[in-house]
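This report concerns only the one structure given below.
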Amino acid sequence: MCSYHPMVNPVCLVENVGSSFCVSDNAIRYLEQISQPVVVVSVVGLYRTGKSYLMNRLAGKRTGFALGSTIESETKGIWMWCVPHPNKPVHTLVLLDTEGLGDVKKGDSKVNDRCCPAPESSAWRFFSASTLVYNSRGTIDNIALEQLHFVTQLAEHIKVKSPTPAEGVENKEEEEEEDSQFVKFFPNFIWAVRDFSLELTTREKGPIKEDEYLDNALQLKKGIDDHTGPLGICFVFPMPATPESMSKLENLGEHFCDHVFTESRVKTLKGGHRVTGRMFSHLVRLYVETISSGNMPCLENAVVTLAQIENQAAVQEGLKVYQSGMAQVRSSFPVSADDILDEHQKWSQMATTEFMKRSFQDQEGKYISLLTEKVDEHYSELLGENASSSEQRCWQLLSKLSKGLNDGQQKGEYTKPGGYAIYCSHRDSVISHYQSQPGKGVKAEDVLEAFLSETNVEANFILQADNSLKEKDKEIQKQREKAALEEQQKKALEEKHKELQRAQQVEGKRHEERMQQMETKFEEEKRLQVEELERAMERKLAEQEDLIKKNYYEKAELMRQEIDQLKDEIGNISQSFFQQTAMPLIETGVDVFSKILHFKLMKSVLKSSPV
Numbered sequence: 377m378c379s380y381h382p383m384v385n386p387v388c389l390v391e392n393v394g395s396s397f398c399v400s401d402n403a404i405r406y407l408e409q410i411s412q413p414v415v416v417v418s419v420v421g422l423y424r425t426g427k428s429y430l431m432n433r434l435a436g437k438r439t440g441f442a443l444g445s446t447i448e449s450e451t452k453g454i455w456m457w458c459v460p461h462p463n464k465p466v467h468t469l470v471l472l473d474t475e476g477l478g479d480v481k482k483g484d485s486k487v488n489d490r491c492c493p494a495p496e497s498s499a500w501r502f503f504s505a506s507t508l509v510y511n512s513r514g515t516i517d518n519i520a521l522e523q524l525h526f527v528t529q530l531a532e533h534i535k536v537k538s539p540t541p542a543e544g545v546e547n548k549e550e551e552e553e554e555d556s557q558f559v560k561f562f563p564n565f566i567w568a569v570r571d572f573s574l575e576l577t578t579r580e581k582g583p584i585k586e587d588e589y590l591d592n593a594l595q596l597k598k599g600i601d602d603h604t605g606p607l608g609i610c611f612v613f614p615m616p617a618t619p620e621s622m623s624k625l626e627n628l629g630e631h632f633c634d635h636v637f638t639e640s641r642v643k644t645l646k647g648g649h650r651v652t653g654r655m656f657s658h659l660v661r662l663y664v665e666t667i668s669s670g671n672m673p674c675l676e677n678a679v680v681t682l683a684q685i686e687n688q689a690a691v692q693e694g695l696k697v698y699q700s701g702m703a704q705v706r707s708s709f710p711v712s713a714d715d716i717l718d719e720h721q722k723w724s725q726m727a728t729t730e731f732m733k734r735s736f737q738d739q740e741g742k743y744i745s746l747l748t749e750k751v752d753e754h755y756s757e758l759l760g761e762n763a764s765s766s767e768q769r770c771w772q773l774l775s776k777l778s779k780g781l782n783d784g785q786q787k788g789e790y791t792k793p794g795g796y797a798i799y800c801s802h803r804d805s806v807i808s809h810y811q812s813q814p815g816k817g818v819k820a821e822d823v824l825e826a827f828l829s830e831t832n833v834e835a836n837f838i839l840q841a842d843n844s845l846k847e848k849d850k851e852i853q854k855q856r857e858k859a860a861l862e863e864q865q866k867k868a869l870e871e872k873h874k875e876l877q878r879a880q881q882v883e884g885k886r887h888e889e890r891m892q893q894m895e896t897k898f899e900e901e902k903r904l905q906v907e908e909l910e911r912a913m914e915r916k917l918a919e920q921e922d923l924i925k926k927n928y929y930e931k932a933e934l935m936r937q938e939i940d941q942l943k944d945e946i947g948n949i950s951q952s953f954f955q956q957t958a959m960p961l962i963e964t965g966v967d968v969f970s971k972i973l974h975f976k977l978m979k980s981v982l983k984s985s986p987v
């Protein structure tokens, strides 16, 4: 089920205005509605080379992206079309038409500043995609290879890790590590050649496949073998000149789309975290702002910034779930201590669950601790409101029940001989009816204690005025009054201790559940990191095999070292980081506000202790 209204037509996501870039607020707002994971497919290439045809086919539409002569070279920018993914339920396919690698009107075959956008701007388009489709026309010639060389050198204009010491200057080892890291983030690569008219055959091998044609073309271009990331699949589309070629073009189009839909993975961040449309909107704005300020985009910094944004939002969403759930309890105030405690446990757990859906890379537990703090603060406020509501209701009930008692006192019914016995009978009736009434809340015993303290003064006055009783009997009754008050004080205090004990038990269980949820979250993030590294290792192994086939043994040995490094990373991640490092940090942070809540409850108990 789509959680947003699908786009009818593409919209401009980033517009080139002169030498600067401008993010479309409307496009960003649209992306922010998408909570589903996104598969980002970016098509790049010269104008009027058939990019729009490919984009429309991927969108499952005949129109949308402008075709042919309707494209004006003056309109530069990145156009976006968001549609439900045809193969992956509850996923969104984000199509990006990245214009600007070249303008055929300018007639310049060189890859230079006049026909290429800023390298940094192209770089983030490259690394923001799950799949990059490079589109050219005719054959894979020198011009197309020059353009490809520009694409494969984009790694020089974007960083994986933020600079370390030495005033941000990288040494050779850091540069080599950067190069080896890029393979983790390279998108799937597809070369689509439109209006292809050559025969796929060679003198040595005879008929060949499209991928072999691509490989042969790359070997003819010196320097392309030095690309940072692995190249992928090639599709050739014939010129639609005859019915036969039209039919072939249609079949190839379906085959191309099926490959893109099947092989394109969900866009992930460094660490393997899946990107939603909302997160992608933050990435777009972050990259554009970084480039506009003249800085080089950094994937690691982007993840850190995005984690802060998402984790802060996750805290608010978790708190919103808790507040919304507890609002139902608040409407029923006053409620018993068990009732509000049970609801607190239920909704705090649901708040943590909601937080986990959006949070990521909260290894030190900063944001789960912040959520716990805010939940406990709100719970403390609710405890106060519930207590006030209970106290108000109890006094209202006693006021209503003791009306007859007050009337009798005003009429002097208790000041005559035998009046003390009548007063005690009426007062006991009030207490009995009060105790039988449900829904009094947490202050029922405290208010009854206060009521007995007040009536104890009245009772002693009436007792002393009752001439029907001897002094000895009066002393006995006086001690009974005192004992009854002390018994009620003891009962109220015991009730508070029970509340505190139950609260401690619930808090312990709540903390245990929270730690279990955090461990599950950490294990999931660890799994994603391992999968990311394993994919990178698969690419490196394939590249190493290719180098060995081409007798590039020295490069193959360097590749082996990078593969060993990836294996070591996988081994390190497989250790239980949560148990050894994260849990102690999280427990320390989370425990602080639990202790504050415990202190408030204890203070309430101490207030109820007899003097």
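Convert by adding 376 to the 1-based position in the sequence shown; the result is the number in our numbering. From the three backbone atoms N, C-alpha and C, an ideal C-beta is built for every residue, glycine too. Model, not experiment: these values are computed from the prediction.
Identity of the residue in the options nearest residue i by Cα
i: PHE613; options: PHE731, LYS848 and TRP567; result: TRP567
i: VAL415; options: GLN864, SER506 and ALA435; result: SER506
i: PRO462; options: THR638, ASP571, TRP455 and GLY514; result: THR638
i: GLN991; options: GLU908, GLU933, GLU910 and GLU899; result: With the chain covering 377 to 987 only, the question about residue 991 has no answer from this structure.
i: VAL679; options: LEU695, LYS897 and LEU662; result: LEU662
i: ASN511; options: SER712, GLU408 and LYS427; result: LYS427
i: LEU828; options: SER812, GLU847, GLN813 and ARG803; result: ARG803
i: HIS649; options: LEU682, PHE632 and GLU875; result: LEU682
i: LEU876; options: LEU717, GLU740 and LYS464; result: LEU717
i: CYS770; options: ILE685, PHE562, ASP822 and PRO793; result: ASP822
i: GLU686; options: VAL651, ARG706, GLU899 and GLN881; result: VAL651
i: LEU917; options: PHE503, ARG936 and LYS819; result: ARG936
i: CYS633; options: LEU471, LEU675, SER756 and ASP571; result: LEU471
i: SER712; options: ASP922, ALA879 and ILE838; result: ALA879
i: LYS437; options: PRO460, LYS874 and LEU861; result: PRO460
i: LYS464; options: SER707, LYS872, VAL642 and GLY741; result: VAL642
i: HIS873; options: ASP714, LYS854 and TRP457; result: ASP714
i: ASP473; options: ARG513, ASP401 and VAL387; result: VAL387
i: ILE838; options: GLU871, GLU630, ILE852 and THR791; result: THR791
i: ARG890; options: ILE454, GLY741, LYS696 and ASN432; result: GLY741
Residues that residue i bridges to, as DSSP identifies them
i: THR474; result: VAL420 and ILE454
i: ARG570; result: ARG513
i: ARG650; result: THR644
i: ILE609; result: ILE566
i: VAL415; result: LEU469
i: LEU508; result: SER418 and PHE565
i: PHE397; result: ASN392
i: VAL459; result: LEU469
i: PRO614; result: PHE572
i: VAL387; result: MET456
Spatial neighbours of residue i in its chain, beta-carbon cut-off 7 Å, leaving aside the 5 residues before and after
i: HIS381; result: none
i: SER396; result: SER668
i: GLU914; result: none
i: MET732; result: GLN893 and LYS897
i: GLU825; result: GLN864, GLN865 and ALA868
i: SER765; result: PHE709, PRO710 and GLY817
i: LEU1019; result: Residue 1019 lies beyond the range of the chain shown here (377 to 987); nothing can be said about it.
i: LEU781; result: HIS802, ARG803 and VAL806
i: VAL664; result: VAL390, PHE397 and VAL399
i: SER844; result: PRO793 and GLY794
Same chain, Cβ closer than 6 Å to residue i, five either side skipped, listed in chain order
i: ASP842; result: GLY795 and TYR796
i: ALA835; result: GLU857
i: ILE777; result: Strictly speaking, residue 777 in this sequence is Leu, with Ile absent from that position. Same-chain partners within the cutoff: VAL806, HIS809 and TYR810.
i: CYS398; result: GLU391
i: VAL466; result: GLN412
i: GLY647; result: GLN905
i: TYR755; result: HIS720
Nonlocal neighbours in the same chain, by C-beta distance under 8 Å from residue i, ignoring five residues either side
i: ILE949; result: LYS902, GLN905, VAL906 and LEU909
i: LEU773; result: TYR810, GLN813 and LYS816
i: HIS635; result: ILE566, ILE609 and PHE611
Where are the alpha helix (DSSP H) runs, 4 residues long or more, that stay fully inside the region 717-791, in chain order? Fully contained in the region 717-791 are the following alpha helix (DSSP H) runs of length 4 or more, in chain order: 742-777 and 779-786.
Counting pairs of Cβ atoms below 8 Å between the region 692-703 and the region 720-729, do you hit three or more? Counting C-beta pairs with one atom in each stretch, the region 692-703 and the region 720-729 have three or more that are closer than 8 Å, which means they touch.
Inter-stretch contact at 8 Å, needing at least 3 Cβ pairs: the region 684-697 / the region 741-749: Yes, the region 684-697 touches the region 741-749.
Secondary structure, alpha helix (DSSP H): runs of 4+ residues fully inside the region 790-818: As far as the region 790-818 is concerned, its whole alpha helix (DSSP H) runs of at least 4 residues are 795-812.
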